[in-house]
Amino acid sequence: MISWDDKYLIGIEEIDEQHKELFRIANEGFNLLKNEFYLDKYDHVIKIIEELKKYAIFHFKTEEEYMLKNNYRKYFSHKVIHDDFLDKVKNIDLEAMDENQDEYLLSILNFIIDWIEEHILGTDKKFAEELIKDAM
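Its first residue numbered 2, the sequence shown is counted upward by one per residue in the working numbering.
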């Protein structure tokens with residue numbers, strides 16, 4: 002389980018609120034992983050993957066529009082990172098996931114946690130700080 006903490010705030014309210022949704026999706030996955038009553042979790046994992054895709058598309062659009070509106074100089078490199086995330090989620094091997102659902106779900110959750118730690122705390126904080134600094 003991963004909990005929201007104010008250290009994840011980047012200082013742009015709309016984006017911060019959207020980041021909280023990623024935590025909700027991750028925690029839904031953790032709860033599923035711990036659920037011993039579901040012998041076959043395939044449909045539930047698919048639901049989480051679909052939520053992750055929809056979230057990412059919506060959230061990245063918001064971030065990218067914000068960057069463009071504020072003339073962020075590193076927009077294209079940031080967009081490439083977003084596109085890589087979407088490619089990874091869209092290309093999840095559902096057949097392999099079906100064979101070892103818990104292991105695959107754990108790998109998806111690790112991917113999300115790494116994203117939170119590296120992207121939100123690194124890349125997103127940097128872009129927000131730069132835009133806030135430029136606005137002053």
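Each residue gets a CB set at the ideal place from its N, CA and C atoms; glycine is no exception.
Note that this is a predicted model, so its numbers are computed, not measured.
Counting every other CB atom within 10 Å of its CB across the protein chains shown gives G123 a total below 16, marking it as exposed. Straight-line measurement puts the Cα of I82 at about 25 Å from the Cα of F31. Contact annotation: L95 and K54 have beta-carbon atoms that are not nearer than 9 Å.
The Cβ-Cβ distance between L132 and Y73 falls below 9 Å. Within the region 3 to 64, the runs of alpha helix (DSSP H) that reach at least 4 residues and sit entirely inside it are, in chain order, 14 to 35. The straight-line gap separating the alpha-carbon atoms of I121 and F128 is approximately 10 Å. Apart from sequence neighbours up to five positions away, the residues of its chain that approach M98 with a beta-carbon distance below 7 Å are V46, Y105, ordered along the chain.
Taking the Cα positions, D103 is about 30 Å away from D7.
Within 10 angstroms of the beta-carbon of F59 lie fewer than 16 other beta-carbons, which makes it exposed.
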